[in-house]
Amino acid sequence: MAKKQFKAESKRLLDMMINSIYTNKEIFLRELISNASDAMDKLYYKSLTEGISGLSRADFSIQIAYDEEARTLSVSDNGIGMNKADLEADLGTIAKSGSRLFKNEAEEADEESDVKNAEDIDIIGQFGVGFYSAFMVADKVEVISKPYGEDQAWRWTSSGADGYTIKEDERPGHGTTVIVTLKADTENENYSKYLDEYQLHSLVKKYSNYIRYPIQMMVTKSRKKEGTEDEYEDYKDLETLNDMSPIWKKQKSEVTDEEYSQFYNQNFYDFNPPLKIIRSSTEGAATYTALLFIPSKAPFNYFSSDYKKGLKLYASGVLIMDSCEDLLPDFFNFVRGLVDSEDLSLNISREMLQQDHQVKVIERVLEKKIKNELLAMLRNEREKYETFFGEFGSQLKFGSYVDYGRNKELLQDLLLFYTSSEDKLSTLDEYVDRMREEQKYIYYACGESIEKIRQLPQVERLQDKGYEMLYCTEDLDEFTLKTMRSYKDKEFRSVSDDDLGIDTEEEKAEAKKADEENKELFDFMKEALDGKVVAVRATTRLKSHPVFLSSEGGLSIDMEKVLAQQANPDNRIKAMKVLEINAGHPIFEKMKNLYAEGDKDKVTLYSKLLFGQALLMEGLNVDDPVAFANDICELM
Ligand code: ADP
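According to our numbering, the sequence shown holds residues 70 to 705 in order.
Here you go:
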């Protein structure tokens, strides 16, 4: 029979598996057992939802058997089984869950070289790479499967990357048997250990202890010989190797962090240990148990639309949904884990679930629980929290800003910002604690980087007066603060804002006087700038710089910058800019003199140059760089 070829990407993964020098090859057993368990979950779920009688959970089991002479090891289940098309689709190509994740990693690694470095190999072990991992230990893999409700069984056979065959076969009942023919032992690798009862037993314990179906194997036991006093004989008996009760049903004290961590790695496609493990059970109105994890690193697709939030949802121990979105608010979308509730019906559909009162109640309880856990981490494990914030902080900021700041109260104490005086991350509460007695506002300054912010002309004076500022270096920051408006009754104020509440009466009077005396000049300058600014004003807020740009209305210059990256050029919104001139700067005297002398051409030229400077200092572009350059040349 002609061999069928694997799809290209499957072939490459297969190659990696076959040639793997990975030391932890033993995980293949875990993968086969997990697949068996999934297959039984699927059938059990089907039986419950479709009302198939005669299938009880107690009937499901996984059988492990080995044959030393034939060098085969088999894993059998009486789950849902696969027909010919399933075998083609599921084992001939990789397009599924864990494998897909792996593929992305492998692709990157592949570009560098054919030799797999240690890190790539490590990924093989940590991720669920599934069925293909059998090829790390096998010369040949056979799958004999009969789907539930059908009469024909099929045998899928493959010896590796050159392809596979499928032919008709027989099998007593529904389900799947995977038979691996182990490779010959080599100097470095002992494959025969997978034919050893004790070794197999401990592998099941190590990796598959919490599988909820019995994993059984014939084991050797010893008993007293009949009719003798102290003579013993060996006999074979079927034994269940695993613990079976789900990890989330156990008391916290019965499970080690290590075990939780392993459970997380195996079920949530992350090879890093979780940063935080959160256990939560029944509180008030809903009956449920939740086991949640905060990852230590954002998944590679976290910032793309591919990423979907959600928790696994179980109804009384039966998985009814792989990823239930409604259990998590968007701002906690990084949380992984599961919820098991006794209040949910198995038949519940996605649409019904959205309206389900219980789900809403659980969501609310979890939301509070997660928040409190994060707050506790912030208080007691600051460094860890800052790591967390580095990975997922922008999601919390986003959460405080969307929906018109509806979740501000919930999230505001979880936010961190760099500040000018601490030079490290600070909570808003810590900032407010440090505020000076007469300080009215919480100041913030925006820019691309902390270095750039420090150089902003408008920062200088606040700095001089000893006021602390939040440094906003992320696009989202200012939108967040503007939406939040205030914290503990202290309003947020941008350093570019018109009124910072720090001018003394004298300073105010001085600026006002300068404005009045130079009204004509300023009007002329505004005219010369041809609609680019809404006003020109004198300011006492600058020290060494001649000008800076402030804005009027709700849209700041930094927000304009952010929006410019997103909107299409035709409907970009611009901030209403105000050109503020340093009333104490020599250039101001110069302008006054030129205007008094009636040299309007020069005043126009200087106005343009000053405006250009101010734009550049804000990190904006001048509209017409060539004209700007020409203006400078003219001056020179
Ligand atoms: P994953 O388990 O991550 O989806 P695998 O490569 O392990 O990836 O398996 C691919 C698919 O093959 C599974 O999703 C499942 O549909 C099918 N499969 C594997 N093993 C079994 C089994 N024992 N019984 C039924 N289907 C199986």
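Glycine is no exception: its CB is placed at the ideal position from the N, C-alpha and C atoms.
Quiz item: CB threonine 608 to CB alanine 652, shorter than 9 Å?
Solution: yes
Practice problem: Would you mind giving the Cβ-Cβ distance between arginine 503 and glutamate 537, rounded to the nearest angstrom? I have them listed as a contact below 8 Å. | Solution: 6 Å
Quiz prompt | Enclosing alpha helix (DSSP H) for isoleucine 642 [first to last residue] | solution = No alpha helix (DSSP H) holds isoleucine 642; DSSP gives it neither H nor E.
Practice problem: Return the chain-ordered list of same chain residues with a C-beta closer than 8 Å to the C-beta of lysine 534, the five sequence neighbours on each side being excluded. | Solution: Ile571
Exercise. Rank Gln532, Asp482, Asn699 and Ser676 by C-alpha distance to the C-alpha of tyrosine 556 and give the top, closest one.
Key: Asp482
Quiz prompt | ligand 1 heavy atom lying under 8 Å from the CB of alanine 105 | solution = yes
Quiz item: Are the CB atoms of threonine 356 and serine 410 nearer to each other than 9 Å?
Solution: yes
Exercise. Would you grab the beta carbon distance between leucine 112 and leucine 98 for me? Rounded to a whole angstrom, and I think it's under 8 Å.
Key: Leucine 112 to leucine 98, Cβ: 22 Å. No contact.
Quiz item: What separation, rounded to the nearest whole angstrom, lies between the Cα atoms of tyrosine 333 and arginine 281?
Solution: 16 Å
Quiz item: Grouping DSSP H, G and I as helix and E and B as strand, with all else coil, what is leucine 443?
Solution: helix
Quiz item: Residues in its own chain within less than 7 Å of alanine 698 by CB, not counting five upstream and five downstream?
Solution: none
Exercise. Evaluate isoleucine 701 with the Cβ neighbour count: other Cβ atoms within 10 Å of its Cβ, from every protein chain shown; 16 or more gives buried, anything less gives exposed.
Key: exposed
Quiz item: When DSSP builds the beta bridges, which residues end up paired with glutamate 560?
Solution: Ser555
Quiz item: Does the separation of the CB atoms of isoleucine 131 and proline 283 fall below 9 Å?
Solution: yes
Quiz item: How long is the line joining the alpha carbons of glycine 242 and glutamate 436, rounded to whole angstroms?
Solution: 46 Å
Practice problem: Consult DSSP for asparagine 104 and reduce its assignment to one of helix, strand or coil. | Solution: helix
Quiz item: Between glutamate 100 and ligand 1, is the CB less than 8 Å from at least one heavy atom?
Solution: yes
Exercise. Please report the Cβ distance between glycine 150 and tyrosine 217, rounded to the nearest whole angstrom; I am assuming they are in contact, meaning their Cβ atoms lie under 8 Å.
Key: 6 Å
Self-check item: Straight-line gap, methionine 86 to aspartate 375 (C-alpha atoms, nearest Å)
Solution: 27 Å
Quiz item: Using a threshold of 8 Å, is the CB atom of proline 245 nearer than that to any non-hydrogen atom of ligand 1?
Solution: The sequence shown places threonine at residue 245, not proline. The answer is yes for threonine 245.
Quiz item: In the structure shown, what three-state DSSP assignment does glutamate 298 receive?
Solution: coil
Quiz item: Is any heavy atom of ligand 1 found at a distance shorter than 8 Å from the C-beta of serine 214?
Solution: yes
Quiz item: How about threonine 245 and aspartate 146: do their beta carbons lie closer than 9 Å?
Solution: yes
Quiz item: Roughly how many angstroms lie between the CA atoms of glutamate 585 and phenylalanine 657, to the nearest whole one?
Solution: 14 Å
Quiz item: Can you tell me whether alanine 516 is buried or exposed, with buried defined as 16 or more other CB within 10 angstroms of its CB?
Solution: It should be noted that the sequence gives glycine, not alanine, for residue 516. So glycine 516 counts as buried.
Exercise. Examine ligand 1 and report whether any of its heavy atoms sits within less than 8 Å of the Cβ of alanine 633.
Key: no
Quiz item: Using a threshold of 8 Å, is the CB atom of phenylalanine 56 nearer than that to any non-hydrogen atom of ligand 1?
Solution: Outside the shown range of the chain (70 to 705) lies residue 56, about which nothing can therefore be said.
Quiz item: Taking the DSSP output, what are the residues bridged to serine 495?
Solution: Phe486
Quiz item: When you compare each of Asp412, Ser414, Asp391 and Val605 to arginine 405 by their alpha carbons, which one comes out closest?
Solution: Asp391
Self-check item: Limits of the unbroken beta strand (DSSP E) element including valine 616
Solution: 616-621
Quiz item: Quick one: Cα of aspartate 110 to Cα of glutamate 100, how far?
Solution: 15 Å
Self-check item: Cβ-Cβ separation, alanine 105 to glycine 148 (assumed contact under 8 Å), whole Å
Solution: 6 Å
Practice problem: List the endpoints of the continuous alpha helix (DSSP H) containing lysine 534. | Solution: 526-534
Practice problem: Check whether the Cβ atoms of phenylalanine 400 and leucine 480 sit closer than 9 Å, and answer yes or no. | Solution: yes
Exercise. Report all residues from its chain with a CB closer than 8 Å to the CB of isoleucine 519; omit the five preceding and five following residues, and keep chain order.
Key: Tyr487, Tyr540 and Thr542
Quiz item: Do the CB positions of glycine 623 and lysine 551 come within less than 9 Å of each other?
Solution: yes
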